[in-house]
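Right, one structure below, let's go through it.
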Amino acid sequence: MQNPTDDRILEVLDSGLELGPAAIGHNIDRSRSWVSQRLSVLVEHGLATQTTSGYYAITEDGRRYLTGEFDASNLDN
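Count the sequence shown with this note's numbering and you get residues -14 to 62, in order.
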């Protein structure tokens, strides 16, 4: 992953909360639409998951990525 926003999104989700793009964006000073675009990429790569309509959570691979145990260098943006 090459986008620093992705790390910030995962860090917010690592709080254990299920959040929507607007709440995540508010916490990282990004727009809801930008966060939605990045969440789509994170879900595609298995680092986040959509739990219920409009809400997202971090996956185990997402947690491993944050701790450096998951090599995301081969993932496309």
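Heads up, the beta-carbon is just placed ideally off N, CA and C, and yes, glycines get one too.
Computed from a predicted model, the values in this text were never measured in an experiment.
Apply the 10 Å Cβ neighbour rule to L2 and answer buried if 16 or more other Cβ atoms are within range, or exposed otherwise.
-> exposed
Residue range of the unbroken beta strand (DSSP E) whose run includes T115 | Residue 115 lies beyond the range of the chain shown here (-14 to 62); nothing can be said about it.
For L(-2) versus G47, is the C-beta distance shorter than 8 Å?
-> yes
What are the start and end residues of the alpha helix (DSSP H) that includes A7?
-> 6 to 13
Return the residue from the list A7, E45, S0 that minimises the CA-CA distance to G63.
-> In the structure as shown, the chain starts at -14 and stops at 62, and residue 63 therefore has no counterpart that could be examined.
Inspect the beta-carbon positions of L24 and I(-6) and report whether they are closer than 8 Å.
-> yes
Paired residues, beta bridge with A42 - DSSP | T34
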